[in-house]
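Visitor: Protein chains in written order, with UniProt numbering: chain A, 1 to 263; chain B, 1 to 265; chain C, 1 to 356. Every residue, glycine too, gets a C-beta built ideally from N, C-alpha and C.
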Amino acid sequence: MSSNPPLIEVKGLSKSFALPRPVLWKPAQALQVLRDIHLTIQEGEIVGLVGESGSGKSTLGECIGGLQTAPPGTIKFRGTALEQLQGAGLKEYQRSVQYVFQDPVETLNPRYTVEQIIAEPIRAAGLVKQPKDIREAVEQLLQDVGLDAAYMKSRPAQLSGGQCQRVAIARALSTKPALLICDEAVSALDLSVQATILNLLGELRRKYRISQLFISHDLHVVKYLADRVAVIHQGTIVESGHTEHVFKHPEHAYTQSLISSAL
Amino acid sequence: MKTLITGTVMLSVIVIMLLISWIDLPSDPNAMNIANRFAPPSGEHWLGTDQYGRDILSRLLLASQSALTVSLGGVGSGMLIGCILGAVAGYMKGLIGSVIMRAMDVLFAFPNLLLALMLVTVLGTGQVNVLLAIAVFSVPSFARLMYGFVLEAQSYGYIKAARSYNAGHAVILFRHLIPAALPRIGVQMSLALGSGILTETALSFLGLGVQPPHPSWGGMLNEAQSFMYLAPAYPLIPGFVIFLAVAGFNLLGDGIAARHKEAVS
Amino acid sequence: MLEIQDLSLELYVDKTWKPALRPLTFRLEPGEITGIIGESGSGKSLLAKALMNILPARARVASGSIRLHGTELLSLPRHRFRSVYGRQLAYIFQNPAGALNPLMRIGDQLLDALLAHEEVPRKEAVRRALKALEEVGISDPERVFRAYPHEISGGMKQRAVIACAVIHEPDLLIADEATTALDATIRKQILDLFLVLSKKKRMSILYISHDIAAVQYVADKIMVLYGGMLLETGARGDVLDRPLHPYTADLLQAVPYHVKPGTKLAGIPGNVPPITAKPPGCIYAPRCGYATERCKEDLPPMVVAEDPSTAADKIPHTHACFHPLLRDSLGKETHLNTNPSSPEGRERYVQQPAAH
Numbered sequence: 001m002s003s004n005p006p007l008i009e010v011k012g013l014s015k016s017f018a019l020p021r022p023v024l025w026k027p028a029q030a031l032q033v034l035r036d037i038h039l040t041i042q043e044g045e046i047v048g049l050v051g052e053s054g055s056g057k058s059t060l061g062e063c064i065g066g067l068q069t070a071p072p073g074t075i076k077f078r079g080t081a082l083e084q085l086q087g088a089g090l091k092e093y094q095r096s097v098q099y100v101f102q103d104p105v106e107t108l109n110p111r112y113t114v115e116q117i118i119a120e121p122i123r124a125a126g127l128v129k130q131p132k133d134i135r136e137a138v139e140q141l142l143q144d145v146g147l148d149a150a151y152m153k154s155r156p157a158q159l160s161g162g163q164c165q166r167v168a169i170a171r172a173l174s175t176k177p178a179l180l181i182c183d184e185a186v187s188a189l190d191l192s193v194q195a196t197i198l199n200l201l202g203e204l205r206r207k208y209r210i211s212q213l214f215i216s217h218d219l220h221v222v223k224y225l226a227d228r229v230a231v232i233h234q235g236t237i238v239e240s241g242h243t244e245h246v247f248k249h250p251e252h253a254y255t256q257s258l259i260s261s262a263l
Numbered sequence: 001m002k003t004l005i006t007g008t009v010m011l012s013v014i015v016i017m018l019l020i021s022w023i024d025l026p027s028d029p030n031a032m033n034i035a036n037r038f039a040p041p042s043g044e045h046w047l048g049t050d051q052y053g054r055d056i057l058s059r060l061l062l063a064s065q066s067a068l069t070v071s072l073g074g075v076g077s078g079m080l081i082g083c084i085l086g087a088v089a090g091y092m093k094g095l096i097g098s099v100i101m102r103a104m105d106v107l108f109a110f111p112n113l114l115l116a117l118m119l120v121t122v123l124g125t126g127q128v129n130v131l132l133a134i135a136v137f138s139v140p141s142f143a144r145l146m147y148g149f150v151l152e153a154q155s156y157g158y159i160k161a162a163r164s165y166n167a168g169h170a171v172i173l174f175r176h177l178i179p180a181a182l183p184r185i186g187v188q189m190s191l192a193l194g195s196g197i198l199t200e201t202a203l204s205f206l207g208l209g210v211q212p213p214h215p216s217w218g219g220m221l222n223e224a225q226s227f228m229y230l231a232p233a234y235p236l237i238p239g240f241v242i243f244l245a246v247a248g249f250n251l252l253g254d255g256i257a258a259r260h261k262e263a264v265s
Numbered sequence: 001m002l003e004i005q006d007l008s009l010e011l012y013v014d015k016t017w018k019p020a021l022r023p024l025t026f027r028l029e030p031g032e033i034t035g036i037i038g039e040s041g042s043g044k045s046l047l048a049k050a051l052m053n054i055l056p057a058r059a060r061v062a063s064g065s066i067r068l069h070g071t072e073l074l075s076l077p078r079h080r081f082r083s084v085y086g087r088q089l090a091y092i093f094q095n096p097a098g099a100l101n102p103l104m105r106i107g108d109q110l111l112d113a114l115l116a117h118e119e120v121p122r123k124e125a126v127r128r129a130l131k132a133l134e135e136v137g138i139s140d141p142e143r144v145f146r147a148y149p150h151e152i153s154g155g156m157k158q159r160a161v162i163a164c165a166v167i168h169e170p171d172l173l174i175a176d177e178a179t180t181a182l183d184a185t186i187r188k189q190i191l192d193l194f195l196v197l198s199k200k201k202r203m204s205i206l207y208i209s210h211d212i213a214a215v216q217y218v219a220d221k222i223m224v225l226y227g228g229m230l231l232e233t234g235a236r237g238d239v240l241d242r243p244l245h246p247y248t249a250d251l252l253q254a255v256p257y258h259v260k261p262g263t264k265l266a267g268i269p270g271n272v273p274p275i276t277a278k279p280p281g282c283i284y285a286p287r288c289g290y291a292t293e294r295c296k297e298d299l300p301p302m303v304v305a306e307d308p309s310t311a312a313d314k315i316p317h318t319h320a321c322f323h324p325l326l327r328d329s330l331g332k333e334t335h336l337n338t339n340p341s342s343p344e345g346r347e348r349y350v351q352q353p354a355a356h
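In structure tokens form, the structure reads like this:
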């Protein structure tokens, strides 16, 4: 439709980890975690990545987010391969792709206040420089994620799990990203709180057109939130397509078993 | 909690000794009086006198200065160097990390005292060299501690998060990693101070540390052992002070570790 | 079979014993799976541990009674513990890998579990261990018997753990979040196994989870626990399809499973209260859209619903709410004593910090 390159394009990505040698004289072995992955994320789109533990779904997310290195040329950000990004382009990529992790309490350093936590990436990205402006930006972010500004001086230990996850999302939003990688972002939350965070993520897409790579083992959550879904099994994407279509007419045997075992 | 209190009480005795020695000594620690050798405790000499008739209490108090400054200086500089090396090794991994940590392993292979003896033999006697020796053998334990911590911390959620928003190495190191490591460094510091004092006294016992007539706990112990039959109480006095200092630091370290564990769980 | 009467638990917090679980009464019958739904801090795990007599040191039973076949367990002499715990009452932990010793073969661990309670010759013990493995749906029991934990899959490990628990054919099996850590495909298999065990072996199973879908799949009877209070009990269909307590209804609305994609999930504003929070009134009142002044002041008692739909069921549908939800013939929710500040009036999303 449009000639703009997709936000993220993954082409033929394979990745393996070196295993420690069992014995000194034997060759080192490698554990292949990702095999020939193809995946695109368009601007403003929520892509669900479903898989069981050990399927490689988190590794794929980390490769896209730049936390792990991928082979040259396999991941492109707005048409440019990650390893070719330099200077302003690299900064732009680093700013544009942000993470929300599973355990909300753990991802916040317990020593710092909410304000300090959210301000850190703003400073790192150099978007806003004046202390007063940073403070205002933090206030605005808290408002965006539905937390009162009175929480600025709280520390993570004083917040509930859901509130911590809101802070983590505010921190991810602080650099005005184009893509949020949500790695099991609601799995550790209480049910009654999970819904409010899912609503928040949906709202962020509507309001700011933030794309999301939503990684989860929970079919219902992915079905609820994602526009497109990719099913990953033993390092390979076995099926992908529009969420409704994949859930209604699963083609691959693994997808079928996954859907039929959903309760 | 009990160990923490016991350790603190024992150490406060040592610290009070140090403070008194800075303010004023009861009498001149080097004033000899052969006529009054091995005098029993009296109003004038609270702990009696030694083989030259010098006031034991004053010598004991003055010796606390060299014991504490040398061990604190040695362990402190060892900690700084060790932590930096360990953090760098853990952060860089790869070749640099391996080289640093293998070098630490080599240092680790020598017993503390042997290493210190070797260094002092090479460098010569004197307080500064003892301090250096203590620093050298303290380095590997701190490096190992920091290396392990940095590796462990890579999996901490907030470190991963900081990497994900490209906080930069300096921010990750100084704002996240080092503050989180402080409790462990404190524990190791306390334990290392115990062995630092032990090394200082051992070296001065062998005559390699503070040179006479300046008093040192080890030196006093050495002198006292020659007169054990004449004045059996004399060696007990420096011995008890050394015990207070070493046990105090060890108990303090254990106490902090236990409390930290409690606070974490 | 197992009767729990006015059981209440206390937690040691800030150097005092504080009430945690409000008195609750229920019975577990053979051949029946009872599901307990609860979020974190609901007291569901404490309850399970109290039944197994493995409460942590910071928790204790404050009052009440637990009777197994008429025998009071709370005053059971120590020397009889072994004949009850681990034998008549069995417990499965959440993490299957953690419950198995990685250095022992599965078979030896099964034999340990068996010989701890019964004196049987080794040959007979091995035969029973193999039979237990077969009963939990392991197709090649001989191989698994000889295998170390790392040699078998996660699902197999959980089956082996269950085999250890059911080898004595216990009357009650307590599964505390026993499928939470498992992958979806394995979870279903384990849930099916629970169904088989309860129906074929007439075992009573207490299935505790925050996973509503899983509870709905296995449970005959459901108890809804929140903040240390029992809010609703009843047959599966009654509680999940016709919830009476606003909390149950809100919780069901908050789960993507029950909601069509695209529609906004009705998240519950506010946070799960700590288990030691004990307001004078209903524990859910601060987050409830139907709460009135009365809810905040008086504790609603557990009452049997006068809902006509429960008349046919043997399992009474009970709730602890002054304003239970009612449905008209079309299944639409209506409300007794409708509160003027209706759900639309709920303040959502912006959370205020509690006064520190």
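Once you ignore the five residues that flank Phe26 (chain C) on each side, which residues in its own chain have a CB closer than 6 Å to its CB?
Guide: Within the same chain, Phe26 (chain C) has close Cβ partners Ile4.
Visitor: Going by CA-CA distance only, name the one from C:Gly267, C:Ala266, C:Glu293 and C:Ile268 that's closest to Pro279 (chain C).
Guide: If we check each option's Cα against that of Pro279 (chain C), C:Glu293 comes out closest.
Visitor: Would you mind stating whether Lys44 (chain C) and Ile208 (chain C) have Cβ atoms separated by less than 7 Å?
Guide: Yes, they are a contact pair.
Visitor: Quick check: the Cα distance between Gly97 (chain B) and Gln225 (chain B), rounded to an integer number of angstroms?
Guide: Each residue's alpha carbon lies about 47 Å from the other.
Visitor: Rounded to whole angstroms, what is the Cα-Cα separation between Gly168 (chain B) and Ala124 (chain A)?
Guide: Taking the straight line from one Cα to the other gives about 7 Å.
Visitor: Could you please tell me which residues of the stretch 167 to 193 of chain A, in chain order, have their CB closer than 8 Å to any CB of chain C?
Guide: Going along the stretch 167 to 193 of chain A in chain order, one finds Asp190, Leu191, Ser192 and Val193 with a Cβ nearer than 8 Å to chain C.
Visitor: Could you tell me which whole beta strand (DSSP E) segments of length 3 or greater appear in the stretch 2 to 83 of chain C?
Guide: The stretch 2 to 83 of chain C contains these whole beta strand (DSSP E) runs: 2 to 13, 16 to 28, 33 to 38 and 59 to 68.
Visitor: Measuring CA to CA, which of C:Lys49, C:Ala219, C:Gly137 and C:His210 is closest to Gln189 (chain C)?
Guide: It is C:Gly137 whose Cα lies nearest to the Cα of Gln189 (chain C).
Visitor: Are the beta-carbon atoms of Leu244 (chain B) and Met10 (chain B) separated by less than 7 Å?
Guide: Going by C-beta atoms, Leu244 (chain B) is nearer than 7 Å to Met10 (chain B).
Visitor: What does the alpha-carbon distance come out to for the pair Thr40 (chain A) and Val193 (chain A)?
Guide: In a straight line, the C-alpha of Thr40 (chain A) is about 30 Å away from that of Val193 (chain A).
Visitor: When you check each C-beta in the stretch 65 to 76 of chain A against every C-beta of chain B, which residues fall closer than 9 Å?
Guide: Residues Gly65, Gly66 and Leu67.
Visitor: Taking 7 Å as the cut-off, decide whether the C-beta atoms of Gly90 (chain B) and Val187 (chain B) are in contact.
Guide: It is not a contact, given that the beta carbons lie outside the stated cut-off.
Visitor: Using 10 angstroms around the beta-carbon of Gln158 (chain C), count the other beta-carbons present and answer buried if the total reaches 16, otherwise exposed.
Guide: Burial call: buried.
Visitor: Have a look at Met166 (chain A) and Ala214 (chain C) and give me their C-alpha separation to the nearest angstrom.
Guide: Here residue 166 (chain A) turns out to be Arg, not Met, going by the sequence shown. The straight-line gap from Cα to Cα measures roughly 27 Å.
Visitor: What runs of the beta strand (DSSP E), each 3 residues or longer, lie entirely inside the stretch 200 to 241 of chain C?
Guide: Segments of the beta strand (DSSP E) lying fully in the stretch 200 to 241 of chain C: 204 to 209, 221 to 226 and 229 to 235.
Visitor: Check for me: the beta strand (DSSP E) holding residue 338 (chain A) runs from which residue to which?
Guide: Residue 338 (chain A) lies beyond the range of chain A shown here (1 to 263); nothing can be said about it.
Visitor: Taking three-plus beta-carbon pairs below 8 Å as touching, is the stretch 123 to 138 of chain A in contact with the stretch 175 to 187 of chain B?
Guide: With the cut-off at 8 Å, the stretch 123 to 138 of chain A and the stretch 175 to 187 of chain B do not touch.
Visitor: Exposed or buried, Ala30 (chain A), counting other C-beta atoms within 10 Å across all chains shown (16 or more means buried)?
Guide: Flag for Ala30 (chain A) reads exposed.
Visitor: Alpha carbon to alpha carbon, what distance is there between Ser204 (chain C) and Glu29 (chain C)?
Guide: So the two alpha carbons sit approximately 6 Å from each other.
Visitor: Quick check on the burial criterion: 16 or more other C-beta atoms within 10 angstroms. Buried or exposed for Ala355 (chain C)?
Guide: With a pLDDT of 42 at Ala355 (chain C), under the threshold of 50, the predicted position of this residue should be treated as unreliable, and no value is reported.
Visitor: For the putative contact between Ser21 (chain B) and Ser64 (chain B), defined by C-beta atoms under 8 Å, what is the C-beta separation to the nearest angstrom?
Guide: Ser21 (chain B) to Ser64 (chain B), Cβ: 6 Å. Contact.
Visitor: By alpha-carbon positions, which one of C:Pro273, C:Leu55 and C:Ser40 ends up nearest to Tyr85 (chain C)?
Guide: It is C:Leu55.
Visitor: Tell me which residues of the stretch 147 to 172 of chain B have at least one Cβ-Cβ distance to chain A shorter than 8 Å, keeping chain order.
Guide: The residues in question are Tyr156, Gly157, Tyr158, Lys160, Ala161, Ala162, Arg163, Ser164, Tyr165, Asn166, Ala167, Gly168 and Val171.
Visitor: Could you name the residues of chain B that Arg111 (chain A) contacts, counting a contact when the two beta carbons are closer than 7 Å?
Guide: Correct list: Pro179.
Visitor: Roughly how many angstroms separate the alpha carbons of Ser125 (chain B) and Leu173 (chain B), rounded to a whole number?
Guide: A small fix is needed here, since residue 125 (chain B) is Thr in this sequence, not Ser. Distance between the alpha carbons of Thr125 (chain B) and Leu173 (chain B): 38 Å.
Visitor: Of all the CB atoms in chain A, is at least one closer than 7 Å to the CB of His176 (chain B)?
Guide: Chain A, which has a Cβ nearer than 7 Å to the Cβ of His176 (chain B), makes this yes.
Visitor: Determine the direct distance from the alpha carbon of Lys201 (chain C) to that of Gly31 (chain C), and round the result to whole angstroms.
Guide: Their backbone Cα atoms lie some 7 Å apart in a straight line.
Visitor: By Cβ distance below 8 Å, which residues in the same chain neighbour Ala230 (chain A) in space, the five residues on each side in sequence not counted?
Guide: If we look at Ala230 (chain A) and ignore the five residues flanking it on each side, its Cβ neighbours are Leu39, Val47, Gly48, Leu49, Val50, Ile237, Glu239 and Ser240.
Visitor: Write down the C-beta distance between Gly237 (chain C) and Ala195 (chain A) rounded to the nearest angstrom, noting that I regard them as a contact closer than 8 Å.
Guide: About 23 Å; that fails the 8 Å criterion.
Visitor: Hey, quick one: how far does the alpha helix (DSSP H) through Gln109 (chain C) stretch, first residue to last?
Guide: Unbroken alpha helix (DSSP H) run through Gln109 (chain C): Ile106 to Leu115.
Visitor: With distances taken between CB atoms, is the gap from His168 (chain C) to Arg105 (chain C) smaller than 7 Å?
Guide: The answer is no: Cβ separation not under 7 Å.
Visitor: Give me whichever residues DSSP pairs with Leu61 (chain B) in a beta bridge.
Guide: Looking at the DSSP assignment, Leu61 (chain B) forms no beta bridge with any residue, so it has no partner.
Visitor: Along the stretch 82 to 109 of chain A, where does the CB come closer than 7 Å to a CB of chain B? Name the residues.
Guide: For the stretch 82 to 109 of chain A, which is checked against every Cβ of chain B, the residues closer than 7 Å are Gln94, Gln98, Tyr99, Phe101, Asp103, Glu106, Thr107, Leu108 and Asn109.
Visitor: DSSP three-state call for Gln189 (chain C): helix, strand or coil?
Guide: Helix at Gln189 (chain C).
Visitor: State yes or no: is the beta carbon of Asn4 (chain A) nearer than 7 Å to at least one beta carbon in chain C?
Guide: No, because no Cβ of chain C sits closer than 7 Å to the Cβ of Asn4 (chain A).
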